[in-house]
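Here is the structure we will look at.
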Ligand code: NAD
Ligand code: UDX
């Protein structure tokens, strides 16, 4: 099959960057991205992506209006496509059966039905969204209602990019995973998709599996990564009780190549749109298949994360003489990690909520995430304020709670900040990314994660 037009349904954090990379690496393909969100599409068309991601603007500019196009006309896009990537959102269900755990597949199913209604020729449908295992079966069944002249082949091609490093992850992926059916048309479809990635990804990094393995591998990868963070965070609590140092422990265990050094940074907790959602999805699947013990095992990763977020605020209140009521607290960072404006499931949200429940006066600063932070915290009215300048945010504050490890926070003039704060002044470093000894020498009481507090009498 000679595939010439690639369509992606969903112009979000995954669809936009992934298609921009395909367009740049495969100049002979026409790549079209459609979305029902007209404002998002207008932003992409303007060359100013609607999401902040280092290197993304330049990547889009390389192909925009050459072989990379954006549109809101989903039906027309489907009609001309040879390969359709489905990259719509699959959030956790908030209603009905499985609420709070199962994936909400309404956007995904709508897309399947649109493909069925508008496809005019044989199409390869690629699940890019993260989906429960055996979702491709449901997609197959919906698409089987098509007239005999049109053949659909469904593949699973989960995305492993991380936000903040999306462009690099797409350019040099550790692996590309393609799951297909073991049939003549299945193998042909897999080969067509392998051809796309082989433009820039070494063949040995393109892994082909059956569809169900591909679907499950995505949930499994996120579950393992999140489990590492919950593991190190659980140990950070023991460190605080025993004067062991979590940085030293992480280094010592990470030098064992079977464990490895990456993803062992103790923190206020993991956030992001994927980890919690995908583990809960896995938990729901396990329960569905009667695997209660397996479900409880993975559920603990999420519970430990919530414990860590709550523990961070409990430690703050305890250190600040058991009350933060009426005290100004400067929250440094609202993005769920550095180098993104994304605030979905950010630990900052739970931290701010807990602080407001204690009647603190919260002021949030972040280099990229303030627009999203405002939306997320709109219900709290003037109980929370926003400052783009961290110096202004810290002025008159009793404490700084560092929640996101932005580089910009490491290089601030903390002498100046200290001078403008209420005394005693506290820094709660939820990412262990500041120079604690230097801050202590300036006069701050410094409370890191999983390390001995540096306080003044
Ligand atoms: P997103 O919310 O940023 O983007 C999804 C887009 O799909 C939205 O712009 C929405 O308007 C659009 N959409 C929904 N229904 C549509 C329809 N019927 N027709 C056209 N457009 C429609 O989501 P995202 O972060 O890009 O995630 C997409 C999928 O990729 C999810 O399943 C997610 O789990 C998975 N994923 C995300 C990441 C990440 O880092 N964000 C990484 C790997 C995988
Ligand atoms: C994750 C996966 O890494 C990626 O492969 C998948 O495709 C989508 O989900 P993402 O959520 O964008 O990516 O970012 P990631 O770098 O994994 O960080 C997730 C959260 O864990 C962030 O809040 C981050 O700050 C936190 N984290 C990460 C830690 O607290 N400690 C660490 O050592 C690493």
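Residue numbers (the working numbering): 88 to 544. Beta carbons are placed, not taken as given, at the ideal position from N, Cα and C, and that holds for glycine.
By Cβ distance, which residues of its chain are closer than 7 Å to residue 285, with the 5 residues on each side in sequence left out? For residue 285, where only same-chain residues beyond five positions count, the Cβ hits under 7 Å are 293.
Point to revise | Whole-angstrom distance between residue 452 and residue 477, CA atom to CA atom | key: Here the alpha carbons of residue 452 and residue 477 stand approximately 6 Å from one another.
Item checked: Spatial distance of residue 281 from residue 318 (CA atoms) -> Across the structure, residue 281 and residue 318 are spaced so that their CA atoms are roughly 36 Å apart.
**Cα-Cα separation, residue 28 to residue 539** = Outside the displayed range of the chain (88 to 544) lies residue 28, so it cannot be described from this structure.
**Message:** Following a CB-centred definition, is residue 172 positioned closer than 6 Å to any heavy atom of the ligand UDX?
**Reply:** Answer for residue 172: no, Cβ out of range of the ligand UDX.
* Asked: Exposed or buried, which one is residue 395 when buried takes at least 16 other CB atoms within 10 Å?
  -> It counts as buried.
Note to self: Please state whether the Cβ-Cβ distance between residue 166 and residue 205 is less than 7 Å.
What the structure shows: Yes, the pair counts as a contact, with Cβ atoms nearer than the cut-off.
Within 10 angstroms of the Cβ of residue 111, are there 16 or more other Cβ atoms? Answer buried if so, exposed if not. In summary, residue 111 is buried, with 16 or more beta-carbon neighbours lying within 10 Å of its beta-carbon over all protein chains present.
Below-7 Å beta-carbon distance, residue 92 vs any chain C residue: Structure shown: chain C not included; a single protein chain is present.
### Message
With a threshold of 8 Å, are at least 3 pairs of Cβ atoms found where one atom belongs to the region 156-172 and the other to the region 207-215?
### Response
Taking 8 Å as the limit for Cβ pairs, the verdict is that the region 207-215 does touch the region 156-172.
Fill in: Three-state secondary structure assigned by DSSP to residue 402
Residue 402: helix per DSSP, three-state reduction.
Worksheet item: In the structure shown, what three-state DSSP assignment does residue 182 receive?
Response: Of the three classes helix, strand and coil, the one that applies to residue 182 here is coil, per DSSP.
**Cβ-Cβ distance between residue 176 and residue 118 below 7 Å** = One thing to note: residue 176 has its Cβ no nearer than 7 Å to the Cβ of residue 118.
**OP:** Would you list the residues whose beta-carbon is nearer than 6 Å to any heavy atom of the ligand UDX, in the order they occur in the chain?
**Re:** The chain-ordered list of residues whose CB is nearer than 6 Å to some heavy atom of the ligand UDX reads 246, 247, 248, 249, 250, 309, 312, 316, 350, 351, 352, 354, 357, 358, 359, 361, 362, 423, 424.
Please state whether DSSP places residue 419 in a helix, a strand or coil. Collapsing the DSSP output to three states places residue 419 in a strand.
Taking the straight line between their C-alpha atoms, what separation do you get for residue 159 and residue 122? The alpha-carbon of residue 159 is positioned some 5 Å away from that of residue 122.
According to DSSP, which residues form a beta bridge with residue 243? Answer is 214, 266, bridged to residue 243.
message: Please tell me whether, using a cut-off of 6 Å, the distance from the CB of residue 229 to the nearest non-hydrogen atom of the ligand NAD is below it.
response: Distance from the C-beta of residue 229 to the nearest heavy atom of the ligand NAD is not below 6 Å.
Problem set entry | Range covered by the beta strand (DSSP E) that runs through residue 158 | Boundaries of the beta strand (DSSP E) around residue 158: 155-158.
Nearest-angstrom Cα separation, counted from residue 368 out to residue 272 | Taking the straight line from one Cα to the other gives about 30 Å.
Look at the alpha carbon of residue 525 and the alpha carbon of residue 410, and state the distance between them as a whole number of angstroms. Distance between the alpha carbons of residue 525 and residue 410 is about 26 Å.
Requested in this report: Assign residue 108 to buried or exposed, taking buried as 16 or more other Cβ atoms, counted over all protein chains shown, within 10 Å of its Cβ.
Outcome: It is buried - the Cβ of residue 108 has at least 16 other Cβ atoms within 10 Å.
>> According to DSSP, is residue 133 part of a helix, a strand, or is it coil?
In response: In the structure shown, residue 133 sits in a helix (DSSP, three-state: H, G or I).
inquiry  = Rounded to whole angstroms, what is the Cα-Cα separation between residue 466 and residue 443?
reply    = The C-alpha of residue 466 lies about 12 Å from the C-alpha of residue 443.
Practice prompt. Put residue 352 into one of helix, strand or coil per three-state DSSP.
Written response: Here residue 352 sits in coil by DSSP.
- Message: Please return the same chain residues whose Cβ sits closer than 8 Å to the Cβ of residue 340, not counting the five positions on each side in sequence.
- Response: Take residue 340, set aside five residues on each side of it, and the residues of its chain with a beta-carbon closer than 8 Å to its own are 346, 351, in chain order.
From residue 426 to residue 216, what distance separates their C-alpha atoms?
-> Cα to Cα, residue 426 sits roughly 22 Å from residue 216.
Roughly how many whole angstroms lie between the Cα atoms of residue 389 and residue 256?
So the two alpha carbons sit approximately 25 Å from each other.
Review point. Using DSSP with H/G/I as helix, E/B as strand and the rest coil, what is residue 332?
Key: It is coil, neither helix nor strand.
Counting pairs of Cβ atoms below 8 Å between the region 514-521 and the region 480-490, do you hit three or more? Because the criterion of three Cβ pairs below 8 Å is met, the region 514-521 and the region 480-490 touch.
(message) For residue 263 and residue 129, what's the separation of their Cα atoms in angstroms?
(response) Roughly 30 Å separates the two Cα atoms.
- request: With a threshold of 6 Å, establish whether the CB of residue 216 neighbours any heavy atom of the ligand NAD.
  value: Yes, since a heavy atom of the ligand NAD falls inside the 6 Å radius drawn around the Cβ of residue 216.
Go ahead and label residue 89 buried or exposed: buried means 16 or more other beta carbons lie within 10 angstroms of its beta carbon, across all protein chains shown.
Legend: pLDDT at residue 89 = 48, less than 50; position of this residue unreliable, value from coordinates given subsequently. Result: exposed.
Q. In or out: residue 191 buried (at least 16 other Cβ within 10 Å) or exposed?
A. Its Cβ being crowded by 16 or more others within 10 Å, residue 191 is buried.
| message | Suppose the cutoff is 7 Å on Cβ atoms and the five residues either side in sequence are ignored; what does the same chain contact list for residue 422 look like? | response | Excluding its 5 nearest sequence neighbours in each direction, residue 422 has C-beta neighbours in its own chain below 7 Å: 428, 429, 430, 433, 453, 455, 456, 491, listed in chain order.
Practice problem: Would you give the residue range spanned by the beta strand (DSSP E) that residue 222 belongs to? | Solution: Premise fails: residue 222 lies in the alpha helix (DSSP H), 222-230, not in any beta strand (DSSP E).
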